[in-house]
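Before any comments, here is the structure.
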Amino acid sequence: MTVIGILGAGQAGSTLARVSIAAGYDVVLANSRGPETLAGLVARLGPRTRAASAVDAAAAADFAVTAFPYAPGDRLPVAELAGKVVIDNNNHMVWRDGVLPEVEAGLKTVHELRQEQLPTSKVVKAFTHVQFHERSTIRTPEDALPALVRLARPAGAPDRRALVVSSDHPDAVELVTRYYDDLGFDAVDNSPLSESWRSAPGTPMWRHHVDGQSREQLVANLRSAERPPG
Ligand SMILES: NC(=O)c1ccc[n+]([C@@H]2O[C@H](COP(=O)([O-])OP(=O)(O)OC[C@H]3O[C@@H](n4cnc5c(N)ncnc54)[C@H](OP(=O)(O)O)[C@@H]3O)[C@@H](O)[C@H]2O)c1
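In my numbering, the protein residues as written are 24 to 253.
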């Protein structure tokens, strides 16, 4: 059984755990405070999930997710994540995370900075433009579902949405493409990480994070992105 180590157990990490378990994965969840603080969440998620420290979750993982914002001083389990695919779902928000001069100047993407923090891992940007929460206005029962659940469709469905994936490592793109498929989404490859500014907050594709977009729309929206002047 494939074990996903999800570091970050907030809105994104806990929702990703829920859909991954439903798709047949096992999950080890970690946060910054310690596994004892995750007892209630783990009980709700059921027997395919357990809580651990970030180091232990990383060690147990076949692949991992960093579901928390990037910060220059992040202390990460580098050794335990060595050689593994690490999905980074962070959207850099200046109002929340502060100014990152290299990102603001257009010299690097925040995901390249995460790759630098994890030099022996295969960092891949994914799940950044799908909401892990309900719609802001609930008009139908479906609207109360996280978009990651509400928008999921079986392979081949005419209204299947696509999500973007970017990495410097082709095998990480392949892994995420299969994972997206398992969760009900097509993939569009926007590699390498240096190109991942095309799916940053505020870009044409990112504005579809509530209701999603088809593969063709996503390709066109990525192409029409313009890098803001540094
Ligand atoms: N929410 C969404 O719909 C959404 C959509 C797309 C992308 N994202 C991205 O997903 C990330 C998480 O967002 P969120 O809404 O889930 O935030 P959140 O609810 O605030 O959760 C953040 C989680 O990360 C944990 N954490 C922080 N630093 C950690 C570390 N060094 N090691 C392990 N765990 C750590 C926190 O643990 P403690 O509580 O113990 O500190 C908390 O469980 C962000 O980067 C965001 O941009 C979110």
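A virtual CB, placed ideally from N, CA and C, is assigned to each residue, including glycine. Because the structure is a prediction, the values reported are computed rather than measured.
Where residue i falls, given that 16 or more other Cβ within 10 Å makes a residue buried
{"i": "Gln34", "result": "exposed"}
{"i": "Val147", "result": "buried"}
{"i": "Met228", "result": "buried"}
{"i": "Arg267", "result": "For the chain, the structure presents residues 24 to 253; residue 267 sits outside this window and is missing."}
{"i": "Asp111", "result": "buried"}
{"i": "Leu130", "result": "exposed"}
{"i": "Ile161", "result": "exposed"}
{"i": "Glu135", "result": "buried"}
{"i": "Arg137", "result": "buried"}
{"i": "Arg221", "result": "buried"}
{"i": "Val126", "result": "buried"}
{"i": "Pro58", "result": "buried"}
{"i": "Ala195", "result": "buried"}
Among the options, the one whose alpha carbon lies nearest that of residue i
{"i": "Ala82", "options": "Ala94, Gly96, Val42, Ala102", "result": "Ala102"}
{"i": "Asn54", "options": "Asp194, Gly225, Asp79", "result": "Asp79"}
{"i": "His156", "options": "Asp166, Ile29, Arg162", "result": "Asp166"}
{"i": "Ala223", "options": "Ala243, Arg184, Val199, His152", "result": "His152"}
{"i": "Arg238", "options": "Ser43, Gly57, Ser247, Val187", "result": "Val187"}
{"i": "Met24", "options": "Val42, Gly47, His232", "result": "Gly47"}
{"i": "Val42", "options": "Thr160, Trp220, Ser217, Arg173", "result": "Arg173"}
{"i": "Tyr8", "options": "Ala180, Ala175, Ala105, Pro164", "result": "With the chain represented from 24 up to 253, any question about residue 8 goes unanswered, as that position is not in the structure."}
{"i": "Gln56", "options": "Ile27, Leu64, Ser76", "result": "Residue 56 is actually Arg in this sequence, not Gln. Measuring from the Cα of Arg56, the nearest candidate turns out to be Ser76."}
{"i": "Val242", "options": "Pro251, Val233, Ser214", "result": "Ser214"}
{"i": "Thr89", "options": "Gly225, Ser159, Gly28", "result": "Gly28"}
{"i": "Leu123", "options": "Gly106, Pro142, Gly96", "result": "Gly96"}
{"i": "Val117", "options": "Val109, Pro92, Thr143, Leu141", "result": "Pro92"}
{"i": "Gly179", "options": "Asp194, Asp205, Asn114, Leu39", "result": "Asp205"}
{"i": "Leu99", "options": "Leu141, Thr200, His192, Arg119", "result": "Leu141"}
{"i": "Ala94", "options": "Glu139, Ala40, Ala170", "result": "Glu139"}
{"i": "Ala84", "options": "Val26, Thr38, Thr132", "result": "Val26"}
{"i": "Asp182", "options": "Asp234, Ser189, Asp194, Glu218", "result": "Asp234"}
Three-state secondary structure (DSSP) of residue i
{"i": "Ser219", "result": "helix"}
{"i": "Gly31", "result": "coil"}
{"i": "Ser247", "result": "coil"}
{"i": "Ala46", "result": "coil"}
{"i": "Asp209", "result": "strand"}
{"i": "Val153", "result": "coil"}
{"i": "Leu171", "result": "helix"}
{"i": "Ser23", "result": "Past the edges of the chain, shown from 24 to 253, lies residue 23, and the structure says nothing about it."}
{"i": "Ala185", "result": "strand"}
{"i": "Val26", "result": "strand"}
{"i": "Val196", "result": "helix"}
{"i": "Val242", "result": "helix"}
Beta carbon proximity, residue i to chain D, threshold 7 Å
{"i": "Leu141", "result": "Although the question refers to chain D, the structure presented lacks it and comprises just one protein chain."}
Taking the runs of the alpha helix (DSSP H) that are 4 residues or longer, which of them lie wholly in the segment 109-140? 117-120, 124-127, 133-140
Who sits around ligand 1, taking every residue whose Cβ is closer than 7 Å to one of its heavy atoms? Leu30, Gly31, Ala32, Gly33, Gln34, Ala35, Gly36, Ala53, Asn54, Ser55, Arg56, Thr60, Ala77, Ala90, Phe91, Pro92, Asp97, Arg98, Leu99, Asn112, Asn113, Asn114, Met116, Phe150, Thr151, His152, Val153, Gln154, Phe155, His156
Any beta strand (DSSP E) of 3 or more consecutive residues that is wholly inside the segment 52-103: 72-74, 86-89
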